[in-house]
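J.: Quick one: the structure is below, questions incoming.
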Amino acid sequence: MKLHNLKPAAGSTHSRRRIGRGPGSGLGGTSTRGHKGAKARSGYKRKIGFEGGQMPLQRRVPKSGFKNINHKEYFPVNLSTLQALAEEKGLTKIGVAELKEAGLFNGKLLVKVLGNGEIKAALTVEANAFSKSAEEAIKAAGGNTTLI
1 MKLHNLKPAA GSTHSRRRIG RGPGSGLGGT STRGHKGAKA RSGYKRKIGF EGGQMPLQRR
61 VPKSGFKNIN HKEYFPVNLS TLQALAEEKG LTKIGVAELK EAGLFNGKLL VKVLGNGEIK
121 AALTVEANAF SKSAEEAIKA AGGNTTLI
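The opening position of the sequence shown corresponds to residue 1 in UniProt numbering, with each subsequent residue numbered one higher.
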């Protein structure tokens, strides 16, 4: 068997219909478009979602939900994570760059420090937001908090 011997299976291919080539073709006259109406005319395009006069799906389904355009999404970082990072790298100042370097997040979101865990070292922490408990714990340990 060679490439020039290959043929499609019998009955699997069909010649295309030549529409509008006179009455002898059997597809002349209205050229399979029926009689009159918008669909019979050239340039017809139906509206997206049109279901022949039936109430379209996008109007049948009830609206729900709300998307707040002012919503800010934060990446959460706990005090225990900051403590572990400070001990591991010997840092006294931790910011977004240090967290990114450590591979804790990709840098696309804002950072919020949360008060889970405890902190022993006096750290200067830079973040976009702090929870009250986190801020109190950092200051109680002798550190500072800076909002970016």
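Glycine included, each C-beta is placed from N, C-alpha and C at the ideal position.
Using the rule of at least 16 other Cβ atoms within 10 Å of the residue's Cβ for burial, across every protein chain shown, is residue 94 buried or exposed?
T.: buried
J.: Taking the straight line between their C-alpha atoms, what separation do you get for residue 10 and residue 30?
T.: 32 Å
J.: What is the DSSP secondary structure of residue 138, reduced to helix, strand or coil?
T.: In the structure shown, residue 138 sits in a helix (DSSP, three-state: H, G or I).
J.: Entirely within the region 47-130 and at least 4 residues each: give me those alpha helix (DSSP H) ranges in chain order.
T.: As far as the region 47-130 is concerned, its whole alpha helix (DSSP H) runs of at least 4 residues are 57-60, 79-89 and 96-101.
J.: Go ahead and pull the three-state DSSP assignment for residue 6.
T.: coil
J.: Of the choices 96, 121, 110 and 105, whose alpha-carbon is the least far from that of residue 88?
T.: When each option's Cα is compared against that of residue 88, the closest is 121.
J.: Would you report the Cα separation of residue 15 and residue 49, rounded to the nearest angstrom?
T.: Going from the Cα of residue 15 to the Cα of residue 49 covers about 32 Å.
J.: Using a Cβ-Cβ cutoff of less than 7 Å, which residues in the same chain neighbour residue 28 once the five nearest sequence positions on both sides are dropped?
T.: 20, 21 and 22
J.: For residue 111 versus residue 77, is the C-beta spacing smaller than 9 Å?
T.: yes
J.: Leaving out the 5 sequence neighbours to the left and right, which residues in its chain are closer than 8 Å to residue 137 when beta-carbon positions are compared?
T.: 79, 115, 118 and 119
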